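Heads up: the sequence lines are chains F and L, in that order.
The opening position of the first sequence corresponds to residue 1 in this note's numbering, with each subsequent residue numbered one higher.
The opening position of the second sequence corresponds to residue 1 in this note's numbering, with each subsequent residue numbered one higher.
Positions of the beta carbon are idealized from the N, C-alpha and C atoms, including for glycine.
Since the structure is predicted, the reported quantities are computational estimates derived from the model, not experimental observations.
Worksheet: one structure, shown below.
2 protein chains.
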Amino acid sequence: MYRTHNCGELRTSDINQTVTLTGWVQKSRDKGFVTWVDLRDRYGITQLIFDADRTNKNLMESAKKLGREFVIQVNGTVIERASKNSNIPTGDIEILVSDLTILNSSKLPPFTIEDETDGGEELRMKYRYLDIRRNSVKNNLIFRHKVTQEVRAYLSLKDFIEVETPYLIKSTPEGARDFVVPSRMNEGQFYALPQSPQTFKQLLMVGGMDKYFQIVKCFRDEDLRADRQPEFTQIDCEMAFVEQEDILETFEGLTKHLLKVINGVEINSFPRLTYDEAMKIYGNDKPDIRFDMKFGELNAVTQHKEFKVFNNSELVVGIAVPGGNNYSRKDIDNLIDWVKRPQIGASGMVYVRCNEDGSYKSSVDKFFDQDDFAKWAKLTSAKEGDLICILSGKKNEVRAQLSALRMELAERLNLRDPKEFAPLWITDFPLLEWDSEAKCYHAMHHPFTAPKSNQIALLDTNPASVKANAYDLVLNGNEIGGGSIRIHDKNTQALMLKHLGFSEDEAKEQFGFLMNAFEYGAPPHGGIAFGLDRLVAILGGQETIRDFIAFPKNNSGRDVMIDAPAPIDKEQLDELGLKTK
Amino acid sequence: MYRTHNCGELRTSDINQTVTLTGWVQKSRDKGFVTWVDLRDRYGITQLIFDADRTNKNLMESAKKLGREFVIQVNGTVIERASKNSNIPTGDIEILVSDLTILNSSKLPPFTIEDETDGGEELRMKYRYLDIRRNSVKNNLIFRHKVTQEVRAYLSLKDFIEVETPYLIKSTPEGARDFVVPSRMNEGQFYALPQSPQTFKQLLMVGGMDKYFQIVKCFRDEDLRADRQPEFTQIDCEMAFVEQEDILETFEGLTKHLLKVINGVEINSFPRLTYDEAMKIYGNDKPDIRFDMKFGELNAVTQHKEFKVFNNSELVVGIAVPGGNNYSRKDIDNLIDWVKRPQIGASGMVYVRCNEDGSYKSSVDKFFDQDDFAKWAKLTSAKEGDLICILSGKKNEVRAQLSALRMELAERLNLRDPKEFAPLWITDFPLLEWDSEAKCYHAMHHPFTAPKSNQIALLDTNPASVKANAYDLVLNGNEIGGGSIRIHDKNTQALMLKHLGFSEDEAKEQFGFLMNAFEYGAPPHGGIAFGLDRLVAILGGQETIRDFIAFPKNNSGRDVMIDAPAPIDKEQLDELGLKTK
């Protein structure tokens, strides 16, 4: 080793020891007669001192010449600091340097290696190896490591076996787009990278593995929305001989364990809502329940008046903004403008001020009286001092709009405390969702999800009403996990594929091996997959996943550091039997 | 849960308990008045009993109809067995069944689900989900899980951080062939799948992560030799501020830990040989040292006689076969034929019988006398009763031939005990190897490996003689890990690339980002990567890796279960801007 200690471990108990340290020059302060250097490594910062009384002249000169991010090795003696720094664990000591070796020099870095850097996103990505030196990014990566270690230890203790499934698999047109990989040894043929190990984990259940997990990369060649990555990591899990309740309990256990050991937060049991309830109460299947503002449906108490907007609406629904009666007229106009933006798309917003004296003042005073408003206040749980915001229109649209407003208000009111954790389960998802563009049903979760067993007949008569044994785990307004009980018999799987518009041939071509497997004693099974990047970010108290990924790609799917993707040689294309257009 | 207990856990202490079990019908024996069914799951086998006295008639009938691999659920009472089976942990009890539910039926499986199956390799691969039900494969996968858990726990305890590096990277023409991945969002451009995370782990060192590891899939589009896979798993590791000795100690520690906790074998310290020594003593850089048969070089004691074959040989070298004097003339002719096969390529073999009375009898008695043979015996450590086998020719060729013979003899003599573990380090590999086809030097390890610091000047004068700080860990004749101290300054890296025939532009295009990174304070660093598939197989006492991989590919790189790779839609090709030829 080039060092005897790291830069985070020396204390007053080490005073008078001779030590060798290595690291990067974080900064140096040259006061002429004395030079201090902050030496940094992964473990911390230790102050080095060179002073004219005790340090020889050549060494003093060398120390003065050290630039930021130089890599150095020093020998010296641990001494007590004259002025201690209680902000860092090594702040009581410093190293009186007797030898200095420059292991590598450094050009001036393109941004400061500080917690708050002056580097913009693109620059930080291009020099990601420098960005990782910053505490914030470095600690995120260490945090991610701790989370995955805990996940593995917990699941292993519960008899789960981590099994590696293949990355070079077969392309299926279902769902989001596959990345494909041309095969040189099988010209004209392609592998695909997995969007998830779904079929393989089901085959492991057929194979009797009983409890499987894997922390695994998955790939999706989709147009990237903000904060999505073409390659992402899942905690992928599957269990045999289970019902939905067993899976919810098992993975509630895992999540509780993580919250406890990682965040020190104990949560007794996670609330549950059905999909229908969540949509009704929060307008959203991944509600943030760190704060209230539940929807109050007002149709019953807004009809038969002269206000046509409400009379003609499929849904009239409001939320109470805590303390919102303080909003000025301008604040409220601003909110109205916000919901009318094309991204939200509301046609307008009705509001009711709940005065401290128990009276109400509203934008629709012409049509409704104080008794009406009292009813509205009751249904939205508005208290004196609140503001009721009401939207109306088509049910699905207005729910989405009010849900967006609810989140925006929570943001403005600072109700989304990243140190608070509010998990919940959403259950009973619809099996199918209507694709109005393609005029067909898609599987809401995926085509292997089992319908509720007593609703299979409804597939023929009212497919949209069929519910699935499918569930999501939601944390702080983000879906962190989702899963389902799977179909495990060939006939139901064939029926499901038929309803998804697969011909018998297509079904056989794409899922034949799975349906064959179902004929050889497939056990009942189900599972769940967690989005690790998102989970880690939320547990880490942050919203963006990018800084929990060592080498992320940008919104165009590019790695700007290594400049990938890139053209390849014609020779390489020839060998693959390919031509670019 | 469909069950209260699994099939491996009930004991006499559970007698009289009512239980529910699930699993697969391993076999059933119908004796008319009584039917026994062996119920199997991942955890074991439990015997079910249905008997005419205590079981109702319908249930008796249902039990008789159960086929192999049916998935069933039974309720019943734990009772003591009349005739106990001490071969299985549940052998003292059985379940008197009161209820039976068939959860899924099964077609007759295409091969028997037994430890010794009647299924051939291709059939087992096609129905891998059934193959995994067999104890041998299932236990291998569980074994692999245990090994990886131990690796992660050990390295984490030593302050290593597991960091996920990207799978969608950039193609480089260096070394074996990349799989490429066309990008839809960047038409005409390609990602590549990593052959290893080499550059990323070096960038993590530049980024100050200090100690990194990752258990990670790697990809190589090579013509597959037997027992190679296009996707394989590495334990990939890197450390900063280390010298070779630190890496050897750290990973000797890891390997000792695995041998101890996984195999119960304690090994004090691993022997070390330089590459030159290993080639001289074993003719091989991955010698199996579970047995002796060290090479004895005989040039000095075979010259100046009339036997021209030896006089004209660059190397005359022999090994002593323990007890080989027992071989019949036919046995020896057979050995001579074996070394003359084109795969080995020796032109012949000289032998000396070491008789029990201390005399020698040889195929070259005409040219040499008893004193000569005594010298040969001394140099090959042959004892009375042994047979000395001697090959001669060009040094490199004859070493490879004798090494092959040594392994073949060890196999025939049963000297390769899979329960014995003999690790060793091979160090001081040559930096470069001459490619006689391409008429240029290749990096023996990879182009980032550092030459020994005092030998850099030799790169210009005698490149073949330059040794590297590169090392392999060998276990039972297999390279299970290899690594090196890396170059960490731009100038040396540029020099190295120049010697490998890269122009400045090519070097910049392909490794520019790494060389740039070296300019911003790269620390000294080095690492190692273990081939997990091979390591697990050897620790598991087996030679082939395929049954330690859940879903392996065959020798043509095909997954015969899912039938991949496969052609893709023209539409998909169009979107990628590609045409097949």
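Next item on the list: Please confirm if G345(F) has its CB atom under 7 Å from at least one CB of chain L.
Entry: For G345(F), not one C-beta of chain L is nearer than 7 Å to its own C-beta.
Check: So what does DSSP say about N299(L), is it helix, strand or coil?
Finding: helix
Next item on the list: Step through the CB atoms of chain F and report whether any lies within less than 7 Å of the CB of H145(L).
Entry: yes
Check: Comparing the C-beta of D505(F) with each C-beta of chain L, is any distance below 7 Å?
Finding: no
Item checked: Contact list for the stretch 171-196 of chain L against chain F, Cβ threshold 9 Å -> Those residues of the stretch 171-196 of chain L placed with their C-beta closer than 9 Å to a C-beta in chain F are S171, P173, R177, D178, F179, V180, V181, P182, S183, R184, M185, N186, E187, G188, Q189, F190, Y191, A192 and L193, ordered along the chain.
Notebook entry, point to check: What does V317(F) touch in chain L if you count any residue whose Cβ is under 9 Å from its own?
Noted result: Near V317(F) there are no residues of chain L at all, since even the closest Cβ is about 39 Å away, more than 9 Å.
Next item on the list: Give me the Cβ distance between V216(L) and Q234(L), rounded to the nearest whole Å; I'm assuming they're in contact under 8 Å.
Entry: 6 Å
Check: Taking buried to mean at least 16 other C-beta atoms within 10 Å of its own C-beta, is P110(L) buried or exposed?
Finding: Within a 10 Å sphere around the beta-carbon of P110(L) sit fewer than 16 other beta-carbons, which makes this residue exposed.
Next item on the list: Flag L10(F) as yes if its beta-carbon sits less than 7 Å from any beta-carbon of chain L, otherwise no.
Entry: Interface residue (Cβ-Cβ distance to chain L less than 7 Å): L10(F) is not classified as such.
Margin query: Quick check for students: name the residue ranges of the alpha helix (DSSP H) that lie wholly in the stretch 210-282 of chain L, counting only runs of 4 or more.
Written below: 244-263 and 275-282
Next item on the list: Report buried or exposed for T148(L), applying the criterion of at least 16 other Cβ atoms within 10 angstroms of its Cβ.
Entry: buried
Next item on the list: Could you pull the start and end residues of the alpha helix (DSSP H) that T380(L) belongs to?
Entry: Q370 to T380
Check: Mind checking S86(F): buried by the 16 CB within 10 Å criterion, or exposed?
Finding: exposed
Next item on the list: Give a yes or no on whether 7 Å exceeds the smallest Cβ distance from Q149(L) to chain F.
Entry: Yes, because at least one Cβ of chain F sits closer than 7 Å to the Cβ of Q149(L).
Next item on the list: May I ask you to report which of helix, strand or coil DSSP gives H499(F)?
Entry: helix
Checklist line | Neighbour flag for G483(L) against chain F, beta carbons, 7 Å | finding: no
Note to self: With H, G and I counted as helix, E and B as strand and the rest as coil, what does DSSP make of T492(F)?
What the structure shows: helix
Next item on the list: Answer yes or no: do R272(F) and W425(F) have a C-beta to C-beta separation smaller than 7 Å?
Entry: yes
Next item on the list: Classify S98(L) as helix, strand or coil using the three-state DSSP reduction.
Entry: Assigned with DSSP and collapsed to three states, S98(L) falls in strand.
Next item on the list: Please report the Cβ distance between I485(F) and G526(F), rounded to the nearest whole angstrom; I am assuming they are in contact, meaning their Cβ atoms lie under 8 Å.
Entry: 4 Å between Cβ atoms; contact.
Margin query: Let me check you understand the geometry: is the CB of H5(F) closer than 6 Å to at least one non-hydrogen atom of the ligand SAM?
Written below: As for the ligand SAM, it is missing from this structure, which has no ligand bound.
Item checked: Contacts that Q572(F) makes with chain L (C-beta to C-beta distance below 9 Å) -> What Q572(F) touches in chain L, judged by beta-carbon distance under 9 Å, is S171, P173, R177, D178, V180 and F190, going in chain order.
Notebook entry, point to check: For V155(F) and chain L, any beta-carbon pair shorter than 7 Å?
Noted result: It is Leu, not Val, that sits at residue 155(F) in the sequence shown. Proximity of L155(F) to chain L, defined by a Cβ-Cβ separation below 7 Å, is not satisfied.
Notebook entry, point to check: Any C-beta of chain F sitting closer than 7 Å to the C-beta of V242(L)?
Noted result: yes
Notebook entry, point to check: What does W376(F) touch in chain L if you count any residue whose Cβ is under 9 Å from its own?
Noted result: The contacting residues do not exist; W376(F) stays about 47 Å from chain L at best.
Check: Do you know offhand how far C354(L)'s Cα is from F213(L)'s?
Finding: 52 Å
Margin query: Just to check my reading of the structure: T22(L) and I72(L) have Cβ atoms closer than 8 Å, yes? What is that Cβ distance to the nearest angstrom?
Written below: Sure, about 7 Å apart at Cβ, within 8 Å.
Next item on the list: Under the assumption that L387(L) contacts Y351(L) (Cβ atoms under 8 Å), give the Cβ distance between them as a whole number of angstroms.
Entry: 6 Å
Check: Given that a residue counts as buried once 16 or more other Cβ atoms are within 10 Å of its Cβ, and exposed if not, what is I538(L)?
Finding: buried
Margin query: For chain L, check one thing: does any of its Cβ atoms lie closer than 7 Å to the Cβ of E249(F)?
Written below: no
Next item on the list: Just the C-alpha distance for P567(F) and G188(L), rounded to the nearest angstrom, thanks.
Entry: If you take the alpha carbons of P567(F) and G188(L), they lie about 6 Å apart.
Margin query: Spatial neighbours of N454(F) within its chain, please: C-beta separation below 7 Å, excluding the five flanking residues on both sides.
Written below: none
Checklist line | Every unbroken alpha helix (DSSP H) inside the stretch 19-92 of chain L [4 residues or more] | finding: 57-64
Next item on the list: Would you kindly report the start and end of the unbroken alpha helix (DSSP H) that includes E519(F)?
Entry: Neither: E519(F) is in no alpha helix (DSSP H) and is coded neither H nor E.
Margin query: In this structure, how does DSSP classify G588(L) when only helix, strand and coil are distinguished?
Written below: Examination of residue 588(L) is not possible in this model, given that chain L is present from 1 through 581 alone.
Next item on the list: Return the CA-CA distance between D159(F) and A529(F), expressed in angstroms with no decimal places.
Entry: 17 Å
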